[in-house]
Structure formats: structure tokens, C-alpha cells
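Below is one structure, written out as C-alpha cells; comments come after it.
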Amino acid sequence: MRHSTVMLLSAGVFAVAVNAAAQTAPAGSKPLSTRVVAYQIDARLNPANKTVDATETLTYRNLTGQPQQTFPFHLYLNAFQPQSTFMTEVRRGGTRGTGPDQGWDPKHYGSIEIRSLAVDGMGDLTRQLQFTQPDDHNADDHTVVQVTLPKPVAPNADVTFRIVFHDQLPEVVERTGYKRDFYMIGQWFPKVGVWWKGAWNCHQFHSTSEFFADFGTFDVKVTVPRNYLTGAAGDLVSQEDNPDGTKTLRYRSEDVHDFSWTASPEFTDVEDSWEGSAGTVKIHLLTSPGHLKQAQRYIDCVKGTLEMFQRWYGVYPYDRITVVDPPEGGSDAGGMEYPTLITGDSGWFVPDGLKLIELVTEHEFGHQYWYGMVATNEFEEAWLDEGINSYTEAKVMDALYGKGRSAIDIAGATIDDAGTQRLSYLGVADTDPLTHFAYQFISSSAYDGITYGKTATVLLTLEGIIGEDTMRNAMHTYFERYKFTHPTGTDFLKTIEDVSGQDLSWYFDQAVSGTNVLDYEVLTIRSDRADWYVKNPPPEKKGQTTYRDQVLVHRKGDFIFPTETEVRFDNGETVREKWDGRDRWVRYEYVKKAKVVSAEVDPDHKVRLDKDFFNNSQTADANNKATNKLAIYWMFLTQLGNQLVAWLM
Amino acid sequence: MVGAGWSLVWRRQRLLWWLYLVSLVMGWFAAQPLVATISPVLDHSLEAGHLYHGFDLATFAGLMMNPGASTPAPGTAATWLGVIFLVLMILLTGGILRVYNEDRTYATSEFFGACGQYFWRFVRLLIFLLLVLIAPALVYSGSYAWSNHLADRIASPTPGLVVGFGGTLIVLFLLMSIRLWFDMAEVHAVAENEYASRRAVASAFRLTRRNFGSLFWMYFRVSFLAWAGTVLGLWVWAKFVPPEGLKRSFLITQAIIFLWILTRLWQRASETLWYQAHAPVPELIPEAYSTYQPEPAVTEPGPEPPPAAVSL
Chain A
37 MRHSTVMLLS AGVFAVAVNA AAQTAPAGSK PLSTRVVAYQ IDARLNPANK TVDATETLTY
97 RNLTGQPQQT FPFHLYLNAF QPQSTFMTEV RRGGTRGTGP DQGWDPKHYG SIEIRSLAVD
157 GMGDLTRQLQ FTQPDDHNAD DHTVVQVTLP KPVAPNADVT FRIVFHDQLP EVVERTGYKR
217 DFYMIGQWFP KVGVWWKGAW NCHQFHSTSE FFADFGTFDV KVTVPRNYLT GAAGDLVSQE
277 DNPDGTKTLR YRSEDVHDFS WTASPEFTDV EDSWEGSAGT VKIHLLTSPG HLKQAQRYID
337 CVKGTLEMFQ RWYGVYPYDR ITVVDPPEGG SDAGGMEYPT LITGDSGWFV PDGLKLIELV
397 TEHEFGHQYW YGMVATNEFE EAWLDEGINS YTEAKVMDAL YGKGRSAIDI AGATIDDAGT
457 QRLSYLGVAD TDPLTHFAYQ FISSSAYDGI TYGKTATVLL TLEGIIGEDT MRNAMHTYFE
517 RYKFTHPTGT DFLKTIEDVS GQDLSWYFDQ AVSGTNVLDY EVLTIRSDRA DWYVKNPPPE
577 KKGQTTYRDQ VLVHRKGDFI FPTETEVRFD NGETVREKWD GRDRWVRYEY VKKAKVVSAE
637 VDPDHKVRLD KDFFNNSQTA DANNKATNKL AIYWMFLTQL GNQLVAWLM
Chain B
11 MVGAGWSLVW RRQRLLWWLY LVSLVMGWFA AQPLVATISP VLDHSLEAGH LYHGFDLATF
71 AGLMMNPGAS TPAPGTAATW LGVIFLVLMI LLTGGILRVY NEDRTYATSE FFGACGQYFW
131 RFVRLLIFLL LVLIAPALVY SGSYAWSNHL ADRIASPTPG LVVGFGGTLI VLFLLMSIRL
191 WFDMAEVHAV AENEYASRRA VASAFRLTRR NFGSLFWMYF RVSFLAWAGT VLGLWVWAKF
251 VPPEGLKRSF LITQAIIFLW ILTRLWQRAS ETLWYQAHAP VPELIPEAYS TYQPEPAVTE
311 PGPEPPPAAV SL
């Protein structure tokens with residue numbers, strides 16, 4: 037209502053009015069972000085041909101400090117075409133689900149076509165539109181378009197674009213599209229780039245990268261068949277039925293940088309709420325057929341995650357969170373984050389001990405902080421959103437579901453989230469630094485392993501250096517300092533140094549910017565009798581015979597890390613030795629009336645980044661119990677296999 | 011017939027123990043490459059505790075990714091031993107069926123003589139079986155495709171699941187029926203000394219078709235016992251055996267294997283007895299083969315048969 041009033045009072049100039057409305061916060065509250073953009077979109081879904089027709093009014097406030105004449109726009113849906121950069125990368129490196137990397141199918145085709153673009157005061161500029169390929173100069177890639185205005189927009193002035201566009205949705209690829217009558221409409225409208233570090237930042241759509249946009253407001257109307265249930269990244273402002281059997285829902289969202297929505301006649305809306313410091317947060321879970329029994333797991337996870345994030349990192353300022361549960365066959369739409377709307381992943385049967393639903397939900401919710409509010413550049417520094425989010429995921433999952441078993445706990449077989457993060461890093465430990473642009477990794481698995489797994493493992497290891505409480509404090513400070521802005525990796529690392537009061541460049545240079553592998557090993561342990569040279573020495577007697585004990589620790593990898601070694605003796609004595617790790621090896625020697633029983637590098641298991649945990653310790657005596665256990669399992673499996681083969685006779 | 015089959019298996023229990031022993035030895039051989047591979051990594055490492063005191067999947071996956079432990083040797087050995095086991099079963103099945111058919115003690119040389127007598131016939135029967143198995147494979151792929159098609163077109167997972175589950179049940183039924191058919195072909199080949207596999211398959215097909223209900227019920231009951239016992243064993247293992255209970259783990263897993271061997275022999279024995287009770291009178295009994303001399307139900311103690319190294 038206030039929105040309309042402001043429009044009418046704004047000197048009768050519609051464009052200015054829209055901008056004013058968009059830039060004005062609700063009564064009693066002030067904007068949380070610097071609102072650069074204000075989008076008004078009126079969209080109609082056409083289920084028959086899987087298209088969306090829409091008009092978009094974008095008011096852009098030029099806060100770049102200089103006149104701007106050229107404006108780039110993302111046209112992400114054009115990625116879903118055979119010769120796009122995205123598809124080229126997908127063919128090379130694969131994608132999630134059974135996607136177009138398996139072969140081109142016309143159902144994977146998607147497009148966004150700007151049918152007209154006009155600028156208030158400058159007329160129709162549709163003919164001025166030009167595709168551009170800032171990343172790879174692939175002329176067939178149409179995911180970025182730019183328009184040059186007849187005259188520049190002055191600093192602090194507004195410019196209003198009026199765009200008519202048409203989306204052809206693909207069957208879900210990379211989180212966007214349809215599956216039967218389920219629609220996940222993401223990255224669906226022409227979105228202006230970000231003026232960042234003195235230039236336009238508007239990358240093409242890549243298979244491994246995500247998104248980057250300015251904060252602002254969204255006022256979006258969606259028209260869908262009347263029997264459809266919708267969810268969107270905004271508060272539902274109004275809803276009205278149309279004579280043609282459709283209905284129009286109007287959503288409004290502020291201090292966000294993207295807007296997505298979903299629709300399906302098959303959804304069941306499960307509602308709940310959570311009381312946070314900023315007020316009540318409404319939880320909408322849109323579940324698909326056959327998945328309703330998983331609803332409580334989703335809800336419990338969202339509530340638990342909200343609680344932990346508020347306690348550890350900061351207040352969740354929005355009044356809503358919508359979780360979309362894609363239907364069977366539509367899981368390619370699952371596991372995606374948009375401001376105040378996330379997509380989960382479940383199935384008709386997911387055992388309680390397999391925390392898949394919780395892992396995905398927690399992760400995507402975490403992006404409300406690390407992407408949604410702390411809006412880093414996902415194209416260029418993906419580790420700042422996916423990586424930090426994977427780290428907080430490990431922390432929250434452990435807190436909610438138990439350390440050591442927060443990912444899988446089935447029939448005695450367990451693994452926690454931190455364990456899965458480290459595993460994904462092990463296979464690609466030395467391929468790329470965290471700081472590579474998302475689309476410049478050696479492979480998509482390296483992107484995943486490094487960006488998600490290594491970052492989480494680097495930060496878990498950092499906890500061991502500065503302490504868990506300090507690390508949590510640093511994360512909280514980082515969130516408070518940079519929420520609703522676009523911080524960089526330097527900002528993040530500097531915050532940690534500020535809070536911890538330590539110069540951590542030695543660690544960051546290797547772990548963040550470098551590709552050195554961390555691997556320490558106990559090379560040898562031995563206990564020689566001190567009287568080895570005596571002929572016919574007395575028989576060895578525990579506690580009386582003197583030994584020269586030696587422990588040799590070796591730095592196998594190039595990553596230099598100060599470490600601690602615990603040496604145990606057979607008289608129960610334990611010694612801890614510290615080593616700066618600069619040399620390649622260190623030898624510890626003792627003369628004692630005791631033999632060395634074992635030596636272990638990193639006895640407190642703080643250095644998660646160590647590539648090989650098995651060589652971190654060595655015992656004097658062999659213990660083959662684990663080997664025997666695995667042998668029994670293997671023996672059983674092979675015998676069972678033999679019986680199955682013998683069924684042929 | 012199932013009860014009589016059980017009695018026969020029990021009377022000729024040496025077959026059971028020997029077969030289990032063969033399985034155990036082959037399992038042991040299969041485990042050795044794994045032990046040789048992982049032992050250097052685990053036996054002197056404290057990290058191994060995560061596998062012994064529980065089963066930490068991160069540690070296990072780390073072990074599999076460890077350059078020292080990630081060799082294909084255990085898999086290769088298991089595959090080859092599987093092939094050897096199959097060949098061994100082709101060889102032994104003829105002897106086993108002869109023992110059940112005649113229900114008497116066989117000397118080792120006599121047993122292996124019978125094994126060799128049927129080996130190539132059973133190889134041919136296996137080839138026939140593989141050809142017939144194309145049918146359930148087609149049914150499976152059809153139901154899988156239909157299930158996927160439904161899952162792709164209908165929002166509810168139920169129709170796809172019903173088709174998938176139904177298809178699996180049908181395939182399972184077909185597999186059991188085919189196995190039963192070929193079991194009867196093998197029994198027929200031994201009982202009638204049928205050399206022509208094609209005739210054995212055809213004759214067994216007619217016999218099985220005419221008596222399908224009773225034969226299938228006989229076969230299914232014993233199969234069900236094997237499945238139920240396996241599920242029970244796995245449940246007990248997961249529920250009641252602590253991670254460190256290696257002996258109990260070994261005993262339970264071996265009990266499951268023993269149950270599989272036992273129930274398979276039970277099926278064989280029941281089928282043999284059923285055949286003896288129901289088989290049509292053969293038109294011609296070859297003179298070259300007439301060794302069948304059923305033992306009396308109750309025998310007086312008499313002189314022992316000539317000693318043999320191992321008797322079966």
C-alpha cells in the first residue's frame with residue numbers, strides 16, 4: 037500500500053515513482069542494504085509450451101561514482117543451448133544428474149529472448165543490444181548482452197529500463213526449468229551486472245559458477261493456472277483470480293539480489309514458524325507427491341539451522357524462508373539457493389540414518405548468509421560462498437546430528453559432514469588453489485573438491501590454530517562486518533587475522549593461495565638397548581633395562597605446518613614434542629627405562645588438511661584387528677558373490 | 011517332499027560340510043590379497059582404530075584412496091575365484107546329484123568319477139540356461155523402462171514404484187521358475203543318464219510345466235528360508251554384535267553362507283526325491299548305466315565299505 041502511495045506522490049513520473057518505491061523501506065524500518073536495483077516484473081507462466089512471458093522494469097541507481105553509458109545484462113537461460121560456453125564446459129566436465137553431458141536432447145533447450153528494451157527518456161534501444169563474451173569470446177554464447185545508451189547516466193542518477201522478454205524453459209538442467217508440471221523458475225529474467233572494482237562484472241554462465249548481483253528490491257507478479265500452488269523469494273502481497281482460469285500473485289522482497297519462484301499443482305504447503313531475534317520467521321515447505329513423510333525432517337533441519345546460525349553467526353533478518361522439495365525425477369532442480377528460497381532434495385524413501393535431506397537443506401539455508409547476505413562474487417571467488425558455507429555446514433550438522441555421524445549413521449557405519457568434505461578434497465588436493473575463478477579449475481570435480489571440500493577442511497584446520505571459539509567469533513564478525521555487501525577473499529582473511537590477533541599469512545599463502553599438500557608421517561620408531569655393545573647383556577626387564585628411543589617424523593608434503601607429536605612409552609609415560617615443520621624431518625631421541633609404544637603426529641586430530649591420516653602414527657607392535665575385520669567382511673562378500681554365481685548351476 | 015529332502019541332506023551331510031569348506035577356503039584365498047594390501051597401511055597405524063572401534067566411512071574411504079592400499083588385486087582375485095567357484099560347482103553338481111539320486115555313500119574316486127561324467131553335459135545345460143535367461147533380462151529391462159517412463163510422466167512416485175516393484179517380483183518369479191526347470195533338467199540328466207542336453211531340457215520343461223505348482227512351492231519354501239535366515243542374520247549382526255566382535259561377526263557371516271549352501275542342497279535333494287516319485291517311466295534304460303541300488307530305509311550294521319581317502 038505504501039508502495040502505491042509513494043508512486044503517486046512522486047511528481048507523476050512513473051519511472052521515478054517506481055524507483056522511489058523500490059528504494060523505500062517499509063515503515064519503521066530502514067533498508068538493510070545499499071539498494072542499487074529495483075525490479076518490477078510481471079510474468080505469466082504458459083504451462084502448455086513451458087514458457088514465461090514477462091515485462092520487466094528495472095530502475096538502476098548509478099552509485100558507481102562515474103557516468104555510465106553501457107550496461108551489461110545476464111541472460112542465463114541462453115546457456116541451455118548446444119553451442120553455449122556452459123554446454124561446452126558441461127560436455128567437457130559433466131554436470132549434475134543425467135544432464136546434457138550424456139547427449140543433446142531438445143528438452144534441455146532453454147532460452148531467454150529480449151523482445152524489446154526501452155529506456156525512459158531515451159526510447160527504444162532494442163537494436164542497440166549486443167551479445168558479448170567477456171570470458172571466452174565464444175561468439176555462440178548469448179548469456180551476456182549489453183546495451184549502450186545514447187547518453188550516459190550521471191553519478192547518483194537513476195535510469196529505468198523497460199524490457200519485454202520471453203523465456204523458453206528447459207527440462208530441469210542445473211536447477212532451472214520444468215519437470216512435468218513442476219516449475220522452478222530461477223535465473224529467468226534479464227539481470228544487470230555489478231559495477232565492482234571499477235568495472236562491470238558480468239560473467240557468462242559457466243557450468244561450475246553461480247551468480248553475482250546487486251542488492252535491491254523486487255516487486256514481482258506471477259500469473260499461473262488457478263490450481264497451481266506457488267512459492268517465491270518474497271512476501272505474498274496480494275493474490276487475485278483472473279477470468280481466464282489463472283490467478284496472479286504479487287510478491288515483494290527487499291534487500292535481496294535475486295528473485296526466483298516455483299509453481300506446481302502437485303505441491304503440498306507445510307507451514308511452520310520459528311521465533312528469532314528479528315521476529316517470527318515463517319517456514320513454507322512445498323513438498324512434492326510421495327515426499328510428505330519427509331516434511332518433518334526438512335522442518336526440523338530448517339529450525340535447527342536457523343537456531344545455530346543465529347547463535348553463532350548473526351541474526352536472520354528476513355521474515356520467511358521457503359523450501360522447495362522437487363518431485364521425483366526433478367532432483368536436478370534440487371540443492372539450490374536463492375534469497376529466502378531454497379530447494380532441497382529428497383525421495384519417496386530416505387533412511388533416517390542417511391542425512392541427505394538434512395545435508396542439502398542445511399547447506400542451502402547456510403547460503404542465506406554466505407551468498408544471500410554476505411554477497412561475494414561466486415564467479416571469481418566461489419570458495420567464499422560454497423566453501424565457507426561447507427565449513428559452517430560441517431559445524432551445524434555436527435551440532436544438530438552428532439559429531440562423527442552427522443552425514444551417515446546406518447548399521448554401525450558412520451561418517452560426519454567434515455569427513456565427507458575432507459574426502460572430496462583428497463582426490464584433487466594439489467590441482468588448484470581456492471582462489472581460482474570458478475570456471476578456471478582443471479575439472480568440475482576439482483572445482484567441487486577444492487571449492488567445497490578443501491575450503492571447509494582449511495577452515496576446520498584453522499580452528500586448530502586459532503581455537504574454535506575465536507574462529508566462531510571471526511565468522512560472526514565477518515558476517516556483521518560485511519552483510520549486505522560484496523566482500524572479497526582479502527576481507528575475509530583479514531577479518532580472521534583481526535579477530536584472532538595473529539598474522540596467519542603463512543597459513544593462508546599455502547592453504548588458500550597455494551596448492552601445496554600437507555602430509556606428515558611418523559617415519560620410524562625404535563628402541564635400542566643402551567647396552568647394546570655389552571657381550572652377554574642381562575635379559576631385558578621392563579622398567580629396568582635402559583633404551584635409546586628414537587622417533588623420526590617426516591614432512592612428506594610441501595605444506596609447512598607447525599605440528600605436535602605425542603610419544604607414548606611402555607611405562608605409561610607420554611611426551612609431547614612441538615616442531616615448526618620447516619625442515620623436512622625431525623628426530624626425537626630419549627634415553628629411558630622404557631620402550632616407545634607409539635608416536636603420533638597431530639594427536640588431537642586438529643589438522644584436518646593432512647592428506648593421509650594413516651601415516652600420522654606408528655605403533656611398535658602390530659595390531660591387525662582392523663585388517664582382520666575388513667578381511668572378514670571381504671571374505672563374506674566374496675563368498676556371497678560366489679553363491680550368487682553358483683546359482684547358475 | 012521337503013522334509014524327505016531335508017533328511018536326505020542330513021544323511022549325506024558330508025557333501026554339505028565339504029561344500030562349505032570349499033567356500034570357506036575360497037573366501038580365505040579371496041581375502042589374502044586384501045590383507046596383503048591393507049595390512050602395511052593399517053597394522054601399525056592408530057588410525058585403524060576408527061575401523062576397529064566402529065566403522066568410520068571416512069577412514070574406510072581414506073584407506074581405499076590411500077596409494078598404499080588402492081590396488082585392484084583384491085577385486086581381481088575375487089573375480090577369478092568366482093569363476094573358479096562356478097567351474098567347480100559345474101563339476102561337483104553331477105556328483106552331488108548322483109549321491110542324492112542313489113542315496114548311498116560314495117568313495118572319493120567314485121564321486122569325482124560321477125562329477126567328471128556329467129561335467130560337459132552340465133556345461134551345455136549352463137549355455138542353455140544363459141540363453142533362456144535372456145527372457146527375464148528383457149522383462150526386467152522392459153519393466154525398468156516402463157517404471158522410468160511412468161516416473162518421468164507422473165508426479166507421484168507410486169505408479170513408477172509399483173511397476174518397478176512388480177517387475178522385480180515377476181523377474182524374481184521367472185528366475186526361480188527357470189532355475190527350477192534347469193534343476194529338474196540336471197536331475198533328469200543324472201537319473202536317466204541323459205546325454206543329450208536338449209532332450210533333458212525339453213523333458214524337464216514338460217515335467218516342470220505339468221507339475222509347476224507343487225514343484226515351485228517346494229522350491230520357494232526352501233528359498234524363502236534362505237532369504238529369511240539371511241535377513242535375520244544381518245539384523246542380528248548389525249543389532250547385537252559390537253564393532254569389536256570379530257569372532258561373532260565371523261560366525262554370523264559364515265552361518266549365513268552355510269545356510270545358503272544348506273538350502274541349495276536341500277532344494278537339490280528335494281527335487282531329486284520328487285523326480286524319483288513322479289518321473290515318467292523311461293522307455294529305454296541304457297545297459298551301460300544301471301548302478302542305482304537304493305539303500306534300505308533301515309540297515310543292519312554290516313561290514314564297512316572298502317576304505318577310501320575321503321568318502322562322500
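Heads up: the sequence lines are chains A and B, in that order. Residue numbers for the first sequence, in this note's numbering: 37 to 685. Residue numbers for the second sequence, in this note's numbering: 11 to 322. Ideal Cβ positions, reconstructed from N, Cα and C, are used throughout, including at glycine.
Proximity test, Cβ basis, 9 Å: residue i and chain A
i: B/Phe132; result: yes
i: B/Tyr62; result: yes
i: B/Val51; result: yes
i: B/Ile144; result: no
i: B/Glu204; result: no
i: B/Phe260; result: yes
i: B/Pro84; result: yes
i: B/Met75; result: yes
Below-9 Å beta-carbon distance, residue i vs any chain B residue
i: A/Leu684; result: yes
i: A/Leu470; result: no
i: A/Arg262; result: no
i: A/Asp368; result: no
i: A/Gly489; result: no
i: A/Asp156; result: no
i: A/Gln679; result: yes
i: A/Gly448; result: yes
i: A/Asp452; result: yes
i: A/Ser426; result: no
i: A/Trp384; result: yes
i: A/Thr456; result: yes
Counterpart residues of residue i in DSSP-defined beta bridges
i: A/Ala90; result: A/Ala79 and A/Phe201
i: A/His626; result: Looking at the sequence itself, residue 626 of chain A is Tyr, so the reference to His does not match. Paired residues: A/Asp585.
i: A/Lys283; result: A/Val260 and A/Asp277
i: A/Ala74; result: A/Thr95 and A/Thr253
i: A/Trp297; result: A/Ile221 and A/Ala268
i: A/Lys4; result: Beyond the ends of chain A as shown, which are 37 and 685, falls residue 4 of chain A; an answer cannot be given.
i: A/Tyr556; result: A/Arg591
Cβ shell of residue i (< 7 Å), same chain only, five flanking positions each side left out
i: B/Gly104; result: Ala124, Cys125, Gln127, Tyr128, Phe129, Phe132 and Val200
i: A/Thr316; result: Ser309 and Asp355
i: A/Ser541; result: none
i: B/Ile48; result: Leu73 and Ala79
i: A/Phe528; result: Leu420 and Tyr514
Nonlocal neighbours in the same chain, by C-beta distance under 8 Å from residue i, ignoring five residues either side
i: B/Ala298; result: Residue confidence for B/Ala298 is low, a pLDDT of 49 falling below 50, so the modelled location carries little weight; the figure read from the coordinates is stated next. So the qualifying residues of the chain are Asn203.
Contacting residues, own chain, Cβ-Cβ under 6 Å from residue i (five flanking each side not counted)
i: A/Tyr427; result: Ala492 and Leu495
i: A/Gly548; result: Looking at the sequence shown, residue 548 of chain A is not Gly but Val. Contacts found: Leu470.
i: A/His590; result: Glu557, Leu559 and Trp621
### Task
Counting only runs of 3+ residues fully inside the segment 128-185 of chain A, write out the beta strand (DSSP E) ranges in chain order.
As far as the segment 128-185 of chain A is concerned, its whole beta strand (DSSP E) runs of at least 3 residues are 147-155.
#### Entry: Near-chain B residues of the segment 654-672 of chain A - C-beta to any C-beta below 7 Å
Considering only beta carbons, the part of the segment 654-672 of chain A lying closer than 7 Å to chain B consists of Gln654, Thr655, Ala658, Asn659, Asn660, Lys661, Ala662, Thr663, Asn664, Lys665, Leu666, Ala667, Ile668, Trp670, Met671 and Phe672, in chain order.
### Message
Threshold first: 4 residues or longer. Then list the alpha helix (DSSP H) segments lying entirely within the segment 424-494 of chain A, N to C.
### Response
Within the segment 424-494 of chain A, the complete alpha helix (DSSP H) runs of at least 4 residues are 424-437, 453-462 and 480-483.
### Message
Can you pull out the residues from the segment 621-651 of chain A whose beta carbon lies closer than 8 Å to at least one beta carbon of chain B?
### Response
For chain B, the residues of the segment 621-651 of chain A that bring a beta carbon within less than 8 Å of one of its beta carbons are Ser634, Glu636, Asp648, Phe649, Phe650 and Asn651, in chain order.
### Task
Pick out the complete alpha helix (DSSP H) segments inside the segment 156-210 of chain B, 4 residues or longer, and give them in chain order.
Correct list: 167-201.
### Task
Pick out the complete beta strand (DSSP E) segments inside the segment 59-120 of chain B, 3 residues or longer, and give them in chain order.
Here no run is fully enclosed.
### the segment 312-342 of chain A: positions lying closer than 7 Å to chain B by Cβ
Flagged, chain order: Ser324, Pro325 and Gly326.
### Message
By the 7 Å beta-carbon criterion, what residues does the segment 343-368 of chain A contribute toward chain B?
### Response
For the segment 343-368 of chain A, the set of residues with a beta-carbon nearer than 7 Å to any beta-carbon of chain B comprises Pro363, Glu364 and Gly365, in chain order.
### Query
Between the segment 18-47 of chain B and chain A, which residues of the former have a C-beta closer than 7 Å to a C-beta of the latter?
The segment 18-47 of chain B vs chain A, Cβ under 7 Å: Ser33, Met36, Gly37, Trp38, Ala40, Ala41, Leu44 and Val45.
### Message
Taking beta-carbon pairs under 7 Å, can you tell me which members of the segment 94-117 of chain B lie near chain A?
### Response
So the list reads Phe95, Leu96, Met99, Ile100 and Thr103, given in the order they occur along the chain.
### Query
Can you list, in chain order, the residues of the segment 223-254 of chain B whose Cβ is nearer than 7 Å to any Cβ on chain A?
Residues of the segment 223-254 of chain B that bring their beta carbon within less than 7 Å of a beta carbon in chain A comprise Ala248 and Pro253, in sequence order.
### Query
Relative to chain B, which residues along the segment 210-230 of chain A have a C-beta separation below 8 Å, given in chain order?
Here the close residues are Arg216, Asp217 and Phe218.
### Query
Going along the chain, which residues of the segment 154-166 of chain B sit with their C-beta nearer than 9 Å to a C-beta in chain A?
Residues of the segment 154-166 of chain B with a C-beta atom less than 9 Å from some C-beta of chain A are Asn158, Ala161, Asp162, Arg163, Ile164, Ala165 and Ser166, listed in chain order.
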